[in-house]
Amino acid sequence: MAPVVGIDLGTTNSLIATLEEGQPWVIPDDDGNLLLPSYVGMDDAGQLLVGAAARRQYAAAPERTIKSIKRQMGTAYTATLGDQSYRPQEISAIILRALKQRAEAMLDEAITQAVITVPAYFTDAQRQATKEAGEIAGFEVLQILNEPTAAALVFDIDSDESETVLVYDLGGGTFDVSIVEITGDVTEVLASHGNNRLGGDDFDRQLQRHLADRFLQIHDTELPDDAAIQARLLQAAEQAKIALSDHAFTTVREPFLISQGETALHLETDISREDFESLIKPLLKETLEAIDRALSDADLTVEDIDRAILVGGSTRIPLVQQLVEDHLLGTPVSSFEPDLCVGLGAALQAGVLSGAAVESILVDVSPHSLGIAAVMDTEFGPMPGLFSPIIPRNSVIPTSRSQVYYTAANGQSTVEIEVFQGENPIAKENVPLGSFLVEGIPPKPAGAVQVEVHFDFDINGILTVTATEKSQGQQQSLVVNDTQTGRLSSHELRQSRENIASLFEALAHLAEDEDAEDAEEEEDNASDNGGHWIDVEATTDESE
Ligand code: AMP
């Protein structure tokens, strides 16, 4: 049987894992690195860089490097590399394709099927974009799986007892807290809550600003808003943050940041763990509130939680562990390879879906209420523009639900169905998912025409909305506005796939040419650019 893989497509780092005899393991690159930094760039010769090489060039050439693309998934954002612009799903596809090549080189087999994880709190548009990224990269996406659910699967491996587990996942760019119930081989998400714009990147930025303030204090000069300088400061901030997980103090040294006349100005300053903690505490408070909200959504209290699992690289910060432990009043808090366990769980789930020897059934929930804008009766009379939820938050998915609505005006010939997700009673305050018209409604008095709106929410968290006018049976389905969600047509998908494939082919040729040249040159010269094409070279070598 061809190997199946699970992929953690992270904001900061990504990884690919597979199964061997029912046990998941992370596939490393040639140098033994398990994580692939989620960076994509072009070098000054116009060659594609993925992973560590792109990350390395970020400080020097931020304008040619893309990071944290996960934050743009599902939006109409475009990134420019060289003279081409790319959609977020295309940039993510480049990362996925690099992971695919890494796995194919290591396993010496073609890989076509994958499970890809997303934060439980990702919207429909973000899930759809992730699925498209997988398809552009050449995968059949077996499932878009919630990250906390994937993590819980790892902890479930040897457990046959029923447990209520709180999964606290704080990564580079997203935060999720989920409450899952594991009973035998069934994992059910009882509730999930979070913020898909909160994570270690924010801590880096807080520290970056703090470093800029220190520079001002020391030199009485403000650092210019220059991209390369700010990128250096941000990288220094992340290094300092990581050091402070193990040490009480660290020294930041950034020489020659700017020059003042003839004098070069350096930044050299000590940062204490306390300094750092006071910068991030307000952000962490927000995560504790999310714990309370998830508990109350699940109708549980802290006492009902058997254990908590910490997931995501940012949970290595001691203050995070301490605050979660204090907040959970003595509930055991465990952590296992917090940066790897989501990918490992995705591999387990890929095994389940492909019929490998792993047994687990997965029950997942819709993280938002999904519904439409409608005129609704209130104590002040009928009010337009209110949110009428059809699938309530935390419904177990897949699910299908219908609701019947009536025309609001005499002789009304069209009905506009505007679909939203969120919890606000005012429809427009929620996230719009798209809208469409049901036309040709027979002229009748207000309230005499019934329109049934059907929501079908599938296992990947993707929503199809169908509206049917009852008397004549005409039907319309949701057409999502491309500019709002950044969703691609099948034609665009095909084109993107070809573009990305040709980028990689060009790279492979280049790598072959380089190999030939390298054979003639001194060995040391070869290492200069080698890191940039590590994934591609590996594939080329293995497939020859
Ligand atoms: P993830 O998205 O799970 O890969 O987590 C990535 C985030 O974890 C990034 O913001 C990293 O800077 C952060 N991170 C990784 N290791 C550590 C550490 N030892 N201490 C603090 N943050 C870390």
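Taking this note's numbering, I'd label the letters of the sequence shown as residues 156 to 699. Virtual Cβ for every residue (Gly too), placed ideally from N, Cα, C. This structure is a prediction, so every number in the text was calculated from the model and none was measured.
Heavy atom of ligand 1 within 7 angstroms of residue i beta-carbon
{"i": "glycine 355", "result": "yes"}
{"i": "asparagine 301", "result": "no"}
{"i": "serine 223", "result": "no"}
{"i": "aspartate 461", "result": "no"}
{"i": "asparagine 168", "result": "yes"}
{"i": "isoleucine 373", "result": "no"}
{"i": "serine 469", "result": "yes"}
{"i": "glutamate 393", "result": "yes"}
{"i": "aspartate 331", "result": "no"}
{"i": "glycine 498", "result": "no"}
{"i": "glycine 327", "result": "yes"}
{"i": "isoleucine 472", "result": "yes"}
{"i": "isoleucine 397", "result": "yes"}
{"i": "aspartate 494", "result": "yes"}
{"i": "glycine 595", "result": "no"}
{"i": "glycine 165", "result": "yes"}
{"i": "serine 400", "result": "yes"}
According to DSSP, residues forming a beta bridge with residue i
{"i": "glycine 196", "result": "Leu204 and Thr220"}
{"i": "arginine 462", "result": "Val320"}
{"i": "tyrosine 232", "result": "Tyrosine 232 pairs with nothing; no bridge assigned."}
{"i": "isoleucine 397", "result": "In the DSSP output, where bridge partners are listed per residue, isoleucine 397 has none listed."}
{"i": "histidine 348", "result": "Val332"}
{"i": "phenylalanine 404", "result": "Ser427"}
{"i": "methionine 156", "result": "The partner list for methionine 156 (beta bridge, DSSP) is empty, contrary to what the question assumes."}
{"i": "glutamate 295", "result": "Gln268"}
{"i": "leucine 325", "result": "Phe330"}
{"i": "arginine 387", "result": "None; arginine 387 has no bridge partner."}
{"i": "methionine 538", "result": "Met531"}
{"i": "isoleucine 162", "result": "Ile171 and Ile271"}
{"i": "alanine 419", "result": "Ser414"}
{"i": "leucine 189", "result": "Partner(s): none; leucine 189 has no beta bridge."}
{"i": "serine 557", "result": "His609"}
{"i": "asparagine 301", "result": "Val273"}
{"i": "leucine 525", "result": "Ile546 and Gln576"}
Contact with chain C by residue i, beta-carbon distance below 8 angstroms
{"i": "alanine 209", "result": "The structure shown contains no chain C; it is built from a single protein chain."}
Rounded C-alpha distance that separates residue i from residue j
{"i": "serine 127", "j": "arginine 428", "result": "Given a span of 156 to 699 for the chain in the structure shown, any question on residue 127 remains unanswerable."}
{"i": "alanine 398", "j": "threonine 406", "result": "9 angstroms"}
{"i": "glutamine 476", "j": "leucine 388", "result": "26 angstroms"}
{"i": "threonine 554", "j": "phenylalanine 370", "result": "55 angstroms"}
{"i": "alanine 700", "j": "aspartate 163", "result": "No answer is possible for residue 700: it lies beyond the span of the chain, which begins at 156 and ends at 699."}
{"i": "valine 635", "j": "glutamate 287", "result": "The pLDDT assigned to valine 635 is 44, lower than 50, so where the model puts this residue is not dependable, and the model offers no usable value."}
{"i": "threonine 562", "j": "phenylalanine 535", "result": "20 angstroms"}
{"i": "arginine 242", "j": "asparagine 301", "result": "23 angstroms"}
{"i": "alanine 582", "j": "glycine 526", "result": "9 angstroms"}
{"i": "proline 217", "j": "alanine 383", "result": "7 angstroms"}
{"i": "glutamate 571", "j": "proline 544", "result": "16 angstroms"}
{"i": "aspartate 637", "j": "phenylalanine 659", "result": "Residue placement at aspartate 637 is flagged as unreliable, the pLDDT there being 34, under the threshold of 50; the coordinate-derived value follows with that caveat. Going from the Cα of aspartate 637 to the Cα of phenylalanine 659 covers about 27 angstroms."}
{"i": "proline 437", "j": "aspartate 430", "result": "13 angstroms"}
{"i": "threonine 376", "j": "histidine 421", "result": "11 angstroms"}
{"i": "leucine 592", "j": "alanine 529", "result": "14 angstroms"}
{"i": "aspartate 313", "j": "alanine 463", "result": "Any reading at aspartate 313 needs caution, since the residue's pLDDT is 48, under 50, leaving its predicted position unreliable; the model's value is listed next. When rounded, the distance between both Cα atoms is 17 angstroms."}
{"i": "serine 515", "j": "arginine 556", "result": "For serine 515, the pLDDT reaches just 49, beneath the cut-off of 50, and the residue's location in the model is therefore unreliable, although a value from the coordinates is still provided. Looking at the two C-alpha atoms, the distance is approximately 26 angstroms."}
{"i": "glutamate 492", "j": "leucine 450", "result": "25 angstroms"}
{"i": "alanine 391", "j": "valine 620", "result": "47 angstroms"}
{"i": "glycine 229", "j": "threonine 329", "result": "15 angstroms"}
{"i": "glutamine 605", "j": "glutamine 629", "result": "12 angstroms"}
{"i": "threonine 744", "j": "glycine 616", "result": "Because the chain in this structure spans residues 156 to 699, residue 744 falls outside the shown range and cannot be described."}
{"i": "isoleucine 596", "j": "alanine 622", "result": "12 angstroms"}
{"i": "aspartate 380", "j": "alanine 367", "result": "10 angstroms"}
{"i": "alanine 209", "j": "asparagine 188", "result": "15 angstroms"}
{"i": "valine 507", "j": "valine 270", "result": "10 angstroms"}
{"i": "leucine 174", "j": "alanine 305", "result": "14 angstroms"}
{"i": "aspartate 670", "j": "leucine 662", "result": "12 angstroms"}
{"i": "glutamine 202", "j": "leucine 478", "result": "45 angstroms"}
Residue i CB to nearest heavy atom of ligand 3 below 7 angstroms
{"i": "valine 586", "result": "No copy of ligand 3 occurs in the structure displayed; its ligands are ligand 1 alone."}
Q | Runs of alpha helix (DSSP H) wholly within the region 199-228 (minimum 4 residues, chain order) | A | 207-213
Q: Can you check the region 560-642 for any alpha helix (DSSP H) of at least 4 residues that lies completely inside it and give the ranges in chain order?
A: 637-640
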